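Engineer: Sharing a structure below in C-alpha cells format, with a few things to ask.
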Amino acid sequence: MGSQGGFGQSKEFLDLIKSIGESRSKSEEDRIVLSEIETLRRRLSDPDIPKRKIKEYIVRLVYVEMLGHDASFGHIYAVKMTHDDNLLSKRTGYLAVTLFLNEDHDLIILIVNTIQKDLRSDNYLVVCAALTAVCRLINEETIPAVLPQVVELLGHPKEAVRKKAIMALHRFYQKSPGTVSHLVSNFRKKLCDNDPGVMGATLCPLFDLITTDVNSYKDLVISFVSILKQVAERRLPKTYDYHQMPAPFIQIKLLKILALLGSGDKQASEKMYTVVGDVFRKCDTTSNIGNAVLYECICCVSCIYPNTKLLEAAAESIAKFLKSDSHNLKYMGIDALGRLIKTSPDIAEQHQLAVIDCLEDPDDTLKRKTFELLYKMTKSSNVEVIVDRMIDYMISINDNHYKTEIASRCVELAEQFAPSNQWFIQTMNRVFEHAGDLVNIKVAHNLMRLIAEGFGEDDETADSQLRSSAVESYLRIMSEPKLPSVFLQVICWVLGEYGTADGKYSASYISGRLCDVAEAYSSDETVKAYAITALMKLHAFEMAAGRKIDMLPECQCLIEELSASHSTDLQQRAYELQSLVSLDRRAVESVMPADASCEDIEVDKELSFLDKHIQGAIEKGAQPYIPESERSGSLNISNLSIRDQPEVSTHSLRFEAYELPKPVAQPKPSIPQASSTELVPVPEPSYSRESTYAVPVPTVSSSVSGSTELKLRLDGVQKKWGKPTYGSSSTPDMPSQKSENGLSRNDDSSISMSRPQSSLDYRKPSVEITPEKQRLAASLFGASSKTERRTTSTHKAVRSTGQVAEKTQVAKPVDPPIAKATPVQPPPDLLDLGEPISTSSAPEVDPFKQLECLLDQSESASASSHTADNSSKLPDIMSLYSGMPTSGQTSGAVGPISVNGDHLVSPSEVGVIATPAGTSGPVQFSKGPNLKDALNKDARVRQMGVTPTSQNPNLFKDLLG
Amino acid sequence: MIHFVLLISRQGKVRLTKWYSPYSQKERTKVIRELSGEILTRGPKLCNFVEWRGFKVVYRRYASLYFCMCIDQDDNELEVLEIIHHFVEILDRYFGSVCELDLIFNFHKAYFILDEILLAGELQESSKKAVARLIAGQDALVETAKEEASSISNMIAQATK
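Residue numbers (the numbering used here), protein chains in the order written: chain A, 45 to 1005; chain B, 165 to 325.
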C-alpha cells in the first residue's frame, strides 16, 4: 500500500473520494460513481492484477455500495478474497462480504467452506475474522456446518475468541432456537468465565433465553445479583469503567435480566432489593451514562415485586428527570413515569405540570412519548380530554405509521372509556375522517354495531336520538370531498338503515345523497356496494311503510350502470334492488324488515320449511332421499350408470356440502329435474341466482309440482343442488343477506363494548383565573388540592420564563460561522466557538480518569492490586478478574493507543462528555494536541492535493473537539 | 438490538453504514433518505431520539457528523447514546483526534473498529482497552513501514509549523 497522505490509499482512490465529496448534485455524484463502477469492472476482470490492488478495488466497491449503488458484479471477488492466505486480504474480504451479502445470498455457500477452515486456524485473528463473518452470514441451513467448531471455540484461550463464539451462538439462537437448544448450558457456564468481556457478552443470549422462559433460570438470580453487586462495588478491572461508572453497560444488561426474573415473583425480587438500592445510590446523576443506569433501575423496580423504598427512590429519580432541562432526560422521565404508573398510579399527579409541558413541547419525539404516557393513564374521568388531544395531534401529522398507531389508540380508548354514545360517535367521526383508511376495518364494524345496538340499556328514545344525531352528522360530513372509504361505508350503512327512521329527511333526499356518493367515488366498489344496498333498504322501508316512492332518475342510472358492472357483487346487488322494487308490500316487509340489523338470524339447517313440498312429492310417487352414507353401496351396484361413476368421484367437494342437511326427506329430486336444463349450462353463478331471485317463491313450488314422477338421479342432483338451494331458500334467508351487507363480521369481532357509565365527573376548576394549563392538568389528573396546584403553577411560570431567557442565550449557532474564511488557515477548533456558549452547561465531570490510567501504569497496577485484596475476601466469580488487569496493562501498551495516548486525556474530550450534544467544550482548558494534529492532517491532505476545506470546513473538525 | 448504524454528514452524505438486520439495497437507500431528512432537520435542543416505523433511532452529532443507531422499542436510549460515544472515543483514540476526514478516507478501518464493538447488533465489548488491543493486534500485521511513514510525516508537519 502506498502511503500517500498517510491514509494508505492510492491517489486514484483519494481522487475518487475527493471528487464525490466535491460533487454539487446527486446526479453528478451518480455519474462519478457509475464511471467508477465501470473502471472497477474492467480492472477486476483482468486476470493479472496483483493482490494488493484487488484489495483496494474491493474497498472501493464497498464505498460504491455504501453510496447506494449496485456493485453486485464484484461480490464474487470479495468472496474469492476470503480464500486468500494473507490475513490482511482475508480480513478485507470478510469485511466486504459481511457488508455486501445478506445471509440468504447464493454466494454464502461458497464462503462456508472457508469459514470452516478459518475457524480451525492457529491464528486467533483469523478465527476472530471468521467468527465476525459467522455472525452476519450463517443462515439457518448452514448453522450445522459450523456449529461444532463454534462450540469448540468457547474454550479458546483467547478471550476475544470466546466472546465472539458466544455472540455467534447467540445469533444462531436468534435464527433458529432449535439448533442450539442443547447448548444452552454453555451460556450458563460462560457466565463464570474469568474474562469480564466474555461474561458481559454472555448476558446478551441469557437475556433472550430468559425472556422466553423465565422459570428455568430462577436459580441464576443469586449469581446475577452477586455479579451486579461486585460490578457496582468496582471490582471489575478499571478498563471497564466508563465515565467514572463501573462497567455501566454490564450493569444495564444485568438490571434488564433481573427485571425479567423478578417480575411477579416476590421471592426472587426480595433477593434483588438490596443490590438495586445500592446501584440506585451509586449512580452518578450528572453524567449521561449514570442516568442511563438510573433509568434501567427504574424500569427494573417497576417490573419486580413492588418495594416501597425502591419505589420512592424511583419516583425521586423520575422527578429529577422531569425537572431537568435536557430533553433527553425529560423523555426518559416520561417513559419511566409510564412504567411506574402501573404500580403506583398516584405518582403522575405530582408531575402533572411537567407532563403538560412535555405535551406542549415543540419536540415531536417528546410529544409522542407523552401521548404514550397519557394513553397508559387514561380513565373514564379523563378520556375526553386525552382523546381530544390525541386526535388533534393525529390530524396535525403526516407520518402514516404513527397516524395509524395513534388512531387505533384513540379508538381503543374511546371504546373502553366512552362516557356517552354521542361522544363516542363524534370521536369516531373525527378519527375516521382523518385517518379512516389507516384504521382496521373491524373498528368500522364496531361503530356500526354500536349505532345499531345503542346503549346497553333498554332506552329506545335515547337510541333513536343517537341514531338521528349520527344520521345528521353524516349527512353533514358527506358533502366533504375525499372521505376515506371505510368511513363512507359506515355512512352509507347508517343512512340506509336509519336515514328515514325519524322522519326528518325524506327517502328521496337521502337516496339522492347516496347516489351522489356512489358517483363521486365511482372507483371504489365497496363504497358503491354499500350505497346501493342502502338504497335498497330505503326503498324497502318506504314500501313497507306503505308510502309510494319514485325511483330517482340518478338512482335508475346507477342501477343500470351497476347491473352492467364487471363486479358480480355489484351486479347482484343492482338486480336485487330492481327485483325488490317490483315485489308487493308484504313480501318486501319480510325480505327487509326495518331496524332488524341486530336481530339474530336463525339458519334453518334442517331445511324444515321444505317438509311440505317433500311430503307432496313423495305422495306423488317420488323416491325419498337417501343419505350418502347409506346410499353408496347400493348405488354402485344398482341403478347408477357406469358413465356417471367418474363424475361422482370428481365432484367429491359437492358430496361434502351435501352432508349438512340431516336425513330428513328432501325435495331434491324435484327441483333439479325441472330446472336442470336451464341451470346446468349457465356457468356464471350470479346469473342463475338472479333468475331465481326475481321470483323466489313461485320457482320452488312450480318446479316441485312438475317433477314428481321423475326418477332419482343422484349424480345429477349433486351437480345442480348447489345452485337451486339459493333460490329455494332465498326467502327465509333474505334478512341474513341483508345483514351480511353491513354487519356480517360482528359476531366474530367480539370486542367487548363495555362502556362504564362514567359519572362525567372530570372537573374543570371553577376558578376562572387559573391558567389554561392548570385546567388541562386537572382534567387529566383529576382535581387535587387547588391551592397547591396554583403555587406550583406560578413556580412553573417563573421557571419557564427563565428557560426562555436561557434558550435565547444558548441558541447560538453550533457550527462555526466565521470558520474557514480562508482555506489556508489552520483548521480552527470547535473549542474556539465553544467559548461564548460554554457557560450554559456546567462541566462537573473530572478529566477522564480511566484513560489516564492507561498512561499511568503504576496507578492502575496499584488499583488492581487493591481490587485483588478486596475480592480475595469473597470467594466468587469476580475474584477471577482481579488478576487480569496487570497483565492486560502491559500487553495493551503496544500499538497506536499508547502512541496517541496524549490525545486521550485531552481536555476537549471531557467537555463533550459534559455536554451530550457535543456542541461545545469548556473554555478553561487549553487545546494543545488537537490543534497540532489538525494541522498535521491539513498538511497531509494538502500534500495529496485534496482541499476539502473549501468545500466543507467541518471535515477537519475533531469529532470529539 | 441495534438494527443498523449510520454515519451521515450534515450535508446528508453517507459516511458509514452497517446493517445488522437484513435490508435490501433499495430499502437501505430509502431508510437513509427518510432518516437523514428527519434527523438533519432537528434542532439542537431537542431529544436525541426519533421514533421511526415502530423503532427508535438514537442519534448524536459530533462536529458535522451524525452518528445514528436504530434500536428496538424497549431498548434504553441513553445507553445507546453512550454506545455511540464509546465508539467515537475509540475512533478518537485510534486516529488521534478523529475528524470526519479520517472516517471518509479510512472508512474500512472504521468498519473494523465497529466490528470489534458491536457484533450481531449487540454491544460485544465495553472495555476500550480490549477493543484497542485487538485492533492493534490486527494492525501490527500491517507493514510497520506505514506507521513509520506516518510518524515521519508527523514530524515534517511539526517542523514546518
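Beta carbons are placed, not taken as given, at the ideal position from N, Cα and C, and that holds for glycine.
Values in this document were obtained by computation on a predicted structure and should not be read as measured data.
Under 8 Å between the Cβ atoms of A:Trp467 and A:Glu497?
Structural biologist: The sequence position of residue 467 of chain A within the first sequence is 423, counting from 1. The sequence position of residue 497 of chain A within the first sequence is 453, counting from 1. No, they are not a contact pair.
Engineer: Per the contact definition of three or more C-beta pairs closer than 8 Å, is the segment 229-239 of chain A in contact with the segment 277-287 of chain A?
Structural biologist: Segments in contact, no.
Engineer: Which chain B residues are close to A:Arg325, counting only those with a beta carbon under 7 Å from its beta carbon?
Structural biologist: What you label residue 325 of chain A is simply residue 281 of the first sequence in a count that begins at 1. None at all; the shortest Cβ gap to chain B is about 19 Å.
Engineer: Exposed or buried, A:Thr414, counting other C-beta atoms within 10 Å across all chains shown (16 or more means buried)?
Structural biologist: Along the first sequence, read from residue 1 onward, the residue named residue 414 of chain A stands at position 370. It counts as buried.
Engineer: Can the beta-carbon of B:Glu280 be found less than 8 Å from the beta-carbon of B:Leu298?
Structural biologist: Taking the first residue of the second sequence as 1, we reach residue 280 of chain B at position 116. Taking the first residue of the second sequence as 1, we reach residue 298 of chain B at position 134. For B:Glu280 and B:Leu298, yes; Cβs fall inside 8 Å.
Engineer: Tell me which same chain residues have a C-beta within less than 6 Å of the C-beta of A:Val156, skipping the five on either side of it?
Structural biologist: Position 112 of the first sequence, counting from 1, holds the residue named residue 156 of chain A. Counting only Cβ-Cβ distances below 6 Å, and skipping sequence neighbours, we find Thr186 and Ala189.
Engineer: Grab me the residues of B:Leu278's own chain with a C-beta within less than 7 Å of its C-beta, minus the 5 sequence neighbours each way, in chain order.
Structural biologist: For the purposes of this step, residue 278 of chain B is taken as residue 114 along the second sequence, with counting starting at 1. The residues are Val169, Lys182 and Phe251.
Engineer: Please check the pair A:Val530 and A:Phe585, which I expect to be a contact at CB under 8 Å, by giving their CB distance rounded to whole angstroms.
Structural biologist: For this step, residue 530 of chain A is matched to residue 486 along the first sequence. For this step, residue 585 of chain A is matched to residue 541 along the first sequence. Between A:Phe585 and A:Val530 the Cβ distance is about 25 Å, and since that is not below 8 Å, they are no contact.
Engineer: For the segment 215-226 of chain A, which residues have a CB atom closer than 9 Å to at least one CB atom of chain B, in sequence order?
Structural biologist: Of all residues in the segment 215-226 of chain A, Arg215 and Gln218 have a Cβ within less than 9 Å of some Cβ in chain B.
Engineer: In three-state terms, what does DSSP make of B:Lys220?
Structural biologist: Locating residue 220 of chain B in the second sequence gives position 56, counting from the first residue. In the structure shown, B:Lys220 sits in a strand (DSSP, three-state: E or B).
Engineer: Return helix, strand or coil for A:Tyr121, following the three-state DSSP convention.
Structural biologist: The sequence position of residue 121 of chain A within the first sequence is 77, counting from 1. Three-state result, A:Tyr121: helix.
Engineer: Leaving aside the five residues before and after B:Phe259 along the sequence, list all residues of the same chain whose C-beta is less than 6 Å from its C-beta, in chain order.
Structural biologist: One-based indexing of the second sequence puts residue 259 of chain B at position 95. Correct list, in chain order: Asp266.
Engineer: Identify the continuous alpha helix (DSSP H) that holds A:Lys315 and give its terminal residues.
Structural biologist: To locate residue 315 of chain A, count along the first sequence from 1; it is residue 271. A:Lys315 -> alpha helix (DSSP H) spans Lys310 to Lys326.
Engineer: Enumerate in chain order the residues of its own chain whose CB-to-CB distance from A:Gln847 is below 8 Å, with the five nearest sequence positions on each side excluded.
Structural biologist: Residue mapping note: residue 847 of chain A aligns to position 803 of the first sequence, counting from 1. With a pLDDT of 43 at A:Gln847, under the threshold of 50, the modelled position of this residue cannot be trusted; read the value that follows with caution. Asp369, listed in sequence order.
Engineer: May I ask which residues mark the beginning and end of the beta strand (DSSP E) holding B:Met233?
Structural biologist: Walking along the second sequence from the start, residue 233 of chain B turns up at place 69. Run containing B:Met233: Leu229 to Ile235, per the beta strand (DSSP E) assignment.
Engineer: Helix, strand or coil for B:Ile247? Go by DSSP, reduced to three states.
Structural biologist: Position 83 of the second sequence, counted from the first residue, corresponds to residue 247 of chain B. Three-state result, B:Ile247: helix.
Engineer: Between the Cα of A:Ile159 and the Cα atoms of A:Gly199, A:Met110 and A:Ala212, which residue gives the shortest distance?
Structural biologist: Translated into the one-based positions of the first sequence, residue 159 of chain A becomes position 115. Checked all of A:Gly199, A:Met110 and A:Ala212; the closest Cα to A:Ile159 is A:Ala212.
Engineer: At a Cβ threshold of 8 Å, is A:Ile1009 touching chain B?
Structural biologist: Not covered by the structure: residue 1009 of chain A. The range shown for chain A is 45 to 1005.
Engineer: Can you give, in chain order, each stretch of the alpha helix (DSSP H) that sits fully within the segment 397-428 of chain A and has at least 4 residues?
Structural biologist: Segments of the alpha helix (DSSP H) lying fully in the segment 397-428 of chain A: 408-420.
Engineer: Per DSSP, what kind of secondary structure is A:Thr283 in: helix, strand or coil?
Structural biologist: Indexing the first sequence from 1 puts residue 283 of chain A at position 239. If DSSP states are grouped into helix, strand and coil, A:Thr283 belongs with the helices.
Engineer: B:Arg297 by DSSP, collapsed to three states: which one?
Structural biologist: Residue numbering aside, residue 297 of chain B sits at position 133 when the second sequence is read from its first letter. In the structure shown, B:Arg297 sits in a helix (DSSP, three-state: H, G or I).
Engineer: Would A:Lys656 be called buried (16 or more neighbouring beta carbons within 10 Å of its own) or exposed?
Structural biologist: On the first sequence, residue 656 of chain A is found 612 positions in, with the first residue counted as 1. The residue is exposed, with fewer than 16 neighbouring Cβ atoms inside 10 Å.
Engineer: Measuring alpha carbon to alpha carbon, tell me which of B:Gln288, B:Gly301, B:Arg179 and B:Ala274 ends up nearest B:Ile166.
Structural biologist: Against the second sequence, residue 166 of chain B aligns to sequence position 2. Closest option to B:Ile166, Cα to Cα, is B:Gln288.
Engineer: Going along chain A, which residues have a C-beta under 8 Å from B:Leu170?
Structural biologist: Here the question's residue 170 of chain B lines up with position 6 in the second sequence. Chain A residues near B:Leu170: none, gap ~10 Å exceeds 8 Å.
Engineer: Would you mind working out which of B:Gln175, B:Pro186, B:Lys177 and B:Arg179 sits nearest A:Lys219, comparing C-alpha positions?
Structural biologist: Here residue 219 of chain A refers to the residue found at position 175 when the first sequence is read from its first residue. Among B:Gln175, B:Pro186, B:Lys177 and B:Arg179, the Cα nearest to that of A:Lys219 belongs to B:Pro186.
Engineer: Name, going along the chain, the residues of the segment 254-276 of chain B whose beta-carbon falls closer than 9 Å to a beta-carbon of chain A.
Structural biologist: Taking 9 Å as the Cβ-Cβ cut-off against chain A, the residues of the segment 254-276 of chain B that qualify are Leu255, Asp256, Arg257, Tyr258, Phe259, Gly260, Ser261, Val262, Cys263, Glu264, Leu265, Asp266, Leu267, Ile268, Phe269, Asn270, Phe271, His272, Lys273, Tyr275 and Phe276.
Engineer: Looking at the strands, I want to know which residues DSSP matches up with B:Val169.
Structural biologist: Sequence index remark: in the second sequence, residue 169 of chain B carries index 5 (1-based). Beta-bridge pairing links B:Val169 to B:Lys182 and B:Met233.
Engineer: Curious, which full-length alpha helix (DSSP H) runs of at least 4 residues does the segment 221-264 of chain A contain?
Structural biologist: Qualifying alpha helix (DSSP H) stretches, in chain order: 221-224, 228-234 and 240-256.
Engineer: Give a yes or no on whether 8 Å exceeds the smallest Cβ distance from A:Met376 to chain D.
Structural biologist: The question asks about chain D, but that chain is absent: this structure's protein chains are A and B.
Engineer: Leaving out five residues on either side along the sequence, give the residues of the same chain with a beta carbon under 6 Å from the beta carbon of A:Arg278.
Structural biologist: Position 234 of the first sequence, counting from 1, holds the residue named residue 278 of chain A. Cβ neighbours of A:Arg278 beyond the five flanking positions: Pro290.
Engineer: Along the chain, where does the alpha helix (DSSP H) that runs through A:Gln533 open and close?
Structural biologist: Counting from 1 along the first sequence, the entry for residue 533 of chain A is found at position 489. Residues Ser529 to Tyr542.
Engineer: By Cβ distance, which residues of its chain are closer than 6 Å to A:Thr448, with the 5 residues on each side in sequence left out?
Structural biologist: Residue numbering aside, residue 448 of chain A sits at position 404 when the first sequence is read from its first letter. Result list for A:Thr448: Leu482, in chain order.
Engineer: Does DSSP put B:Val214 in a helix, a strand or coil?
Structural biologist: Your numbering for residue 214 of chain B matches position 50 in the second sequence. B:Val214: strand per DSSP, three-state reduction.
Engineer: Closer than 7 Å by C-beta to B:Gly218: which residues in its own chain qualify, once you throw out the five before and the five after it? Chain order, please.
Structural biologist: For the purposes of this step, residue 218 of chain B is identified with residue 54 of the second sequence, where counting begins at 1. For B:Gly218, where only same-chain residues beyond five positions count, the Cβ hits under 7 Å are Gln237.
Engineer: Counting only the same chain and skipping the five closest in sequence on each side, list residues whose C-beta sits under 8 Å from that of A:Val323.
Structural biologist: If you number the first sequence from 1, residue 323 of chain A lands on position 279. The residues are Leu272, Ala276, Gln295, Leu299, Val337 and Cys341.
Engineer: When you compare the CB positions of A:Ser611 and A:Glu569, do they come within less than 8 Å of one another, or not?
Structural biologist: Stepping through the first sequence from its first residue, residue 611 of chain A is reached at position 567. Stepping through the first sequence from its first residue, residue 569 of chain A is reached at position 525. Yes. Within cutoff.
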